[in-house]
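See below for the structure under consideration.
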Ligand SMILES: [Zn+2]
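Numbering (the UniProt record's numbering), first residue to last: 1 to 268.
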């Protein structure tokens with residue numbers, strides 16, 4: 001069975017079309033909000049969050065999600081009657097994906113894979129903080145106990161978190177979360193200022209942010225152990241929303257930098 005074939009019937013299903021109708025912008029605030037998700041950080045986006053939608057319409061939306069799930073589960077079972085019974089026994093993902101929570105970057109879908117193939121940690125702007133218990137727990141579990149062979153850190157174009165970091169609006173708690181990105185903006189100000197458009201600036205910032213998260217990843221003792229003992233590979237990519245393609249980044253380091261990193265961060 002083709003892994004991709006699982007998804008095709010749903011993409012064209014009547015339920016999917018019903019869902020799509022429900023998530024089409026319908027309130028004046030939504031209809032006029034600029035550029036979708038990036039508007040989350042805008043005044044228009046804040047007004048949107050305060051809107052009180054019709055409760056009945058919300059129920060319709062929720063029921064549509066349940067209907068969509070039922071149709072999807074049935075279509076998977078039709079193609080592979082044992083899929084869910086086998087899936088319920090254990091998971092054997094070979095990759096840990098660390099990405100942004102953006103709805104347009106669904107890792108399993110864009111990799112052409114299926115449930116059970118990808119262990120996932122997603123947050124706003126795919127940032128790794130060295131002391132963030134959530135990401136540290138995911139890394140420990142997936143690398144040490146599940147035994148994934150690859151870790152992919154994925155940024156993406158048109159990232160709302162990065163766009164917010166290129167502006168100076170005070171948003172709230174998210175500002176603290178975005179601190180590492182603002183530090184990159186500061187460190188690479190000359191290069192970013194030389195770029196003409198916000199799209200170009202945020203795409204370059206996406207690349208820098210992925211590289212930065214990889215640097216944090218490479219200081220994690222569990223990652224260091226797995227790279228040394230069993231050849232765990234780490235990768236950096238940027239997902240281009242306009243093409244649907246992943247663009248790999250250079251993730252190598254010199255022998256000199258490798259020795260310095262191990263000397264500073266390896267623990268036993
Ligand atoms: Zn994002």
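No residue lacks a Cβ here, since even glycine has one placed at the ideal position from N, Cα and C.
In this structure, how does DSSP classify residue 239 when only helix, strand and coil are distinguished?
In the chain shown, residue 239 corresponds to position 239, counting from 1. Residue 239: strand per DSSP, three-state reduction.
If you follow the alpha helix (DSSP H) that residue 122 is in, where does it begin and where does it stop?
As a working note, residue 122 is residue 122 in the chain shown. Run containing residue 122: none in the alpha helix (DSSP H); it sits in the beta strand (DSSP E), 118-123.
Three or more beta-carbon pairs under 8 Å between the segment 63-80 and the segment 124-135, yes or no?
no
Ligand 1 and residue 199: does the residue's C-beta get closer than 8 Å to at least one heavy atom of that ligand?
In the chain shown, the residue the question calls residue 199 occupies position 199. No - ligand 1 has no heavy atom lying nearer than 8 Å to the Cβ of residue 199.
With DSSP as the reference, identify every bridge partner of residue 186, one or two as the case may be.
One-based indexing of the chain shown puts residue 186 at position 186. Answer is none; residue 186 lacks a bridge partner.
So what's residue 98 in DSSP terms, helix, strand or just coil?
Position 98 of the chain shown, counted from the first residue, corresponds to residue 98. It is a strand residue.
Of the residues 65, 207, 77, 90, which one's Cα is nearest the Cα of residue 240?
Translated into the one-based positions of the chain shown, residue 240 becomes position 240. When only C-alpha atoms are compared, the closest one is 207.
Taking all protein chains shown into account, do 16 or more other C-beta atoms lie within 10 angstroms of the C-beta of residue 115, making it buried, or fewer, making it exposed?
Indexing the chain shown from 1 puts residue 115 at position 115. Exposed: under 16 other Cβ atoms inside 10 Å.
Any heavy atom of ligand 2 closer than 8 Å to the CB of residue 159?
Questions concerning ligand 2 fall outside what the structure shown contains, since the ligands it does hold are ligand 1.
Rounded Cβ spacing between residue 177 and residue 124 (contact assumed at less than 8 Å):
Residue numbering aside, residue 177 sits at position 177 when the chain shown is read from its first letter. Residue numbering aside, residue 124 sits at position 124 when the chain shown is read from its first letter. About 6 Å; that satisfies the 8 Å criterion.
Note down the Cα distance separating residue 183 from residue 151, rounded to an integer number of angstroms.
Locating residue 183 in the chain shown gives position 183, counting from the first residue. Locating residue 151 in the chain shown gives position 151, counting from the first residue. Roughly 24 Å separates the two Cα atoms.
For the beta strand (DSSP E) that contains residue 152, what are its first and last residues?
Against the chain shown, residue 152 aligns to sequence position 152. It spans 150-156 - the beta strand (DSSP E) in which residue 152 sits, taken as one unbroken run.
With DSSP as the reference, label residue 115 as helix, strand or coil.
Residue mapping note: residue 115 aligns to position 115 of the chain shown, counting from 1. Residue state, collapsed to three classes: coil.
Compute the minimum distance between the beta carbon of residue 235 and the heavy atoms of ligand 1, and state whether it is under 8 Å.
Here residue 235 refers to the residue found at position 235 when the chain shown is read from its first residue. Checking the 8 Å criterion, the Cβ of residue 235 is out of range of every heavy atom belonging to ligand 1.
Residue 203 burial status per 10 Å Cβ neighbour count (16 or more: buried):
For the purposes of this step, residue 203 is taken as the residue at position 203 of the chain shown. By the neighbour-count rule (16 or more Cβ atoms within 10 Å), residue 203 is buried.
Tell me whether the beta-carbon of residue 250 lies closer than 9 Å to the beta-carbon of residue 261.
By one-based count along the chain shown, residue 250 stands at place 250. By one-based count along the chain shown, residue 261 stands at place 261. For residue 250 and residue 261, no; Cβs fall outside 9 Å.
Residue range of the beta strand (DSSP E) that residue 221 falls in?
Counting from one through the chain shown, the residue named residue 221 turns up at place 221. Premise fails: residue 221 lies in the alpha helix (DSSP H), 221-230, not in any beta strand (DSSP E).
Nonlocal neighbours in the same chain, by C-beta distance under 8 Å from residue 36, ignoring five residues either side
Indexing the chain shown from 1 puts residue 36 at position 36. Only weak support is given to the placement of residue 36: the predicted model assigns it a pLDDT of 45, under 50, and the value that follows is read from those uncertain coordinates. Apart from the 5 residues on each side of it in sequence, residue 36 has no Cβ closer than 8 Å to any other Cβ in its chain.
Using the three-state DSSP reduction, which class does residue 174 fall into: helix, strand or coil?
As a position in the chain shown, residue 174 is number 174, starting the count at 1. In this structure, residue 174 counts as helix in the three-state DSSP scheme.
Would DSSP call residue 91 helix, strand or coil?
Start at 1 with the first residue of the chain shown, and residue 91 comes out as number 91. Looking at residue 91 - three-state DSSP - the assignment turns out to be coil, as it is neither helix nor strand.
Span of the beta strand (DSSP E) around residue 247
Here residue 247 refers to the residue found at position 247 when the chain shown is read from its first residue. Where residue 247 is concerned, the enclosing beta strand (DSSP E) stretches over 245-248.
For ligand 1, any of its heavy atoms closer than 8 Å to the Cβ of residue 124?
Locating residue 124 in the chain shown gives position 124, counting from the first residue. Checking every heavy atom of ligand 1 against the Cβ of residue 124, one is found closer than 8 Å.
Suppose contacts are defined by Cβ-Cβ distances below 9 Å. Is residue 143 in contact with residue 214 by that definition?
In the chain shown, residue 143 corresponds to position 143, counting from 1. In the chain shown, residue 214 corresponds to position 214, counting from 1. The answer is no: Cβ separation not under 9 Å.
Flag residue 105 as yes when its Cβ comes closer than 8 Å to any non-hydrogen atom of ligand 1, and as no otherwise.
Counting from 1 along the chain shown, the entry for residue 105 is found at position 105. For residue 105, the CB falls within less than 8 Å of some heavy atom of ligand 1.
Answer yes or no: the CB of residue 269 versus the heavy atoms of ligand 1, is any distance below 8 Å?
Only positions 1 to 268 of the chain appear in this structure, which leaves residue 269 out of reach.
Run the CB neighbour count on residue 160, radius 10 Å, all protein chains shown included, and call it buried at 16 or more, exposed below.
As a position in the chain shown, residue 160 is number 160, starting the count at 1. Residue 160 should be labelled buried.
What do you reckon, is the C-beta of residue 110 under 8 Å from a heavy atom of ligand 1?
Reading the chain shown from its first residue, position 110 is the one you call residue 110. No, the beta carbon of residue 110 sits no closer than 8 Å to any heavy atom of ligand 1.
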